[in-house]
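Peer 1:
There are 2 protein chains.
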Amino acid sequence: MDTNEPLTNGAGASEQDLQFMGQAILEAKKAEAIGEVPIGAVIVRDGKVIAASHNLRERDQEATAHAELAAITEACRKTGSWRLEDTVLYVTLEPCPMCAGAILQSRIPRVVYGARDPKAGCVDSLYRLLDDPRFNHRCDVTEGVLADECGALLTNFFRGIRKRRKAEKQARRALESEQGE
Amino acid sequence: MDTNEPLTNGAGASEQDLQFMGQAILEAKKAEAIGEVPIGAVIVRDGKVIAASHNLRERDQEATAHAELAAITEACRKTGSWRLEDTVLYVTLEPCPMCAGAILQSRIPRVVYGARDPKAGCVDSLYRLLDDPRFNHRCDVTEGVLADECGALLTNFFRGIRKRRKAEKQARRALESEQGE
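Residue numbers (UniProt numbering), protein chains in the order written: chain A, 1 to 181; chain B, 1 to 181.
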């Protein structure tokens, strides 16, 4: 199985897809504002957002606090059902194995994501968990929707971290050299 | 990659492993008692259970309410950290992609499981997600611990469901035939 061949691409996105990915990006920005890795997700049913969430791993010190998983939990609570059959999940980054698995568990029929995650993505990059006939569910996938914007959020976030770390290191060295004089 | 070759087997289990798998089985029985698919999990640190949970998908109508995921969430809360670095997870059934992914996310270093899940297992059966050098974490795995007991719980549960369904069908038919006379 060639995992580098995309299932589909952003070209298959509708106006509505762009709008809802925009809302997922707003969620990602909420994460960024509190120093979390900026990833956001929304779940839509009948053209309405029924759940919206963002990554909160550091704030909550919770390994499972990914945007998609939190949105799925919220959508199940709101609909009163573990089957999210008439929904679409929008997420700014390609889901990891845990979130791809949660998508399968909740029977979400369609997933739209922004940027690929070459390090942990399990929809196209490392595995194609949402397109495996051995599981009891498969999804339609549209990838690459507002991918540049979704990816830039992450790139800028990690660049900012590296910059701060470098500045801290330089300040520490300057202090040490001053004390040494 | 041959996914049918076990990473390890129950033979590598210690007395302590048997004891903690016994506690995971007790959790599975709690699920069974309320009509849930009987799967249980415990997380152990320094020889003590710090989190114990069982499948609650139907009761909670929550797609993510698997034993392992709930135990991981609880263990993060109790330890105040998303990194469960000095822990062992015991679970009666081979983890699904969602739970295997949550294990990777929480950096659990060792997983002990009972029965294999040929339909959705992602540790040995369909994928080897816990042994993929491309992810930023890998686990030691011991499988097959009290596997017969863990598997029998599931087999009996599903046999019971089939039996009830058959009896209901026969009762319905008898009623219809009576009404038709």
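Backbone N, C-alpha and C define an ideal beta-carbon position, used for all residues, glycine too.
Is it right to say A/Q105 is buried, meaning 16 or more other beta carbons lie within 10 angstroms of its own, or is it exposed?
Peer 2: When all chains shown are included, A/Q105 counts as buried.
Peer 1: B/D131 to B/G10, Cα distance in whole Å?
Peer 2: When rounded, the distance between both Cα atoms is 18 Å.
Peer 1: Listed from N- to C-terminal order along the chain, which residues in the segment 131 to 143 of chain A have their beta-carbon within a distance smaller than 8 Å of any beta-carbon of chain B?
Peer 2: Per Cβ criterion, the list reads D132, R134, F135, N136.
Peer 1: For B/A115 and B/C150, which I take to be in contact (beta-carbon distance under 8 Å), what is that distance rounded to the nearest angstrom?
Peer 2: So it is a contact: roughly 4 Å between Cβ atoms.
Peer 1: Do B/A120 and B/L126 have their CB atoms nearer than 8 Å?
Peer 2: It is a contact, given that the beta carbons lie within the stated cut-off.
Peer 1: Is the shortest distance between the beta-carbon of A/P109 and the beta-carbons of chain B less than 8 Å?
Peer 2: Judged by the 8 Å Cβ criterion, A/P109 is not in contact with chain B.
Peer 1: Around the C-beta of A/S53, are 16 or more other C-beta atoms found within 10 angstroms, so that it is buried, or is it exposed?
Peer 2: Burial call: buried.
Peer 1: So A/T87 is in the alpha helix (DSSP H); what residue range does that whole segment cover?
Peer 2: Where A/T87 is concerned, there is no enclosing alpha helix (DSSP H), although the beta strand (DSSP E) it sits in stretches over 87 to 93.
Peer 1: Assuming B/L154 contacts B/P38 under a Cβ cut-off of 8 Å, what Cβ separation, rounded to an integer in Å, is found between them?
Peer 2: Yes, B/L154 and B/P38 are in contact; Cβ-Cβ is about 6 Å, under 8 Å.
Peer 1: Report, in whole angstroms, the separation of the C-beta atoms of B/E68 and B/I103, which I expect to be a contact under 8 Å.
Peer 2: That belief holds up - the Cβ atoms of B/E68 and B/I103 are roughly 7 Å apart, short of 8 Å.
Peer 1: Drop a sphere of 10 angstroms on the beta-carbon of B/G160, count the other beta-carbons inside from all chains shown, and report buried for 16 or more, exposed for fewer.
Peer 2: By the neighbour-count rule (16 or more Cβ atoms within 10 Å), B/G160 is not buried but exposed.
Peer 1: Are any of the Cβ atoms in chain B nearer than 8 Å to that of A/P38?
Peer 2: No - not a single Cβ of chain B is within 8 Å of the one on A/P38.
Peer 1: Could you tell me the distance, in whole angstroms, from the CA atom of B/P97 to the CA atom of A/C76?
Peer 2: Approximately 19 Å between the Cα atoms of the pair.
Peer 1: Below 6 Å CB to CB, which residues in the same chain sit around B/G12 once its five sequence neighbours on both sides are set aside?
Peer 2: For B/G12, where only same-chain residues beyond five positions count, the Cβ hits under 6 Å are T142.
Peer 1: Is the shortest distance between the beta-carbon of B/A63 and the beta-carbons of chain A less than 8 Å?
Peer 2: Chain A, which has a Cβ nearer than 8 Å to the Cβ of B/A63, makes this yes.
Peer 1: Who does B/T155 pair with in a DSSP beta bridge?
Peer 2: Answer by DSSP bridge pairing: none, since B/T155 is not bridged.
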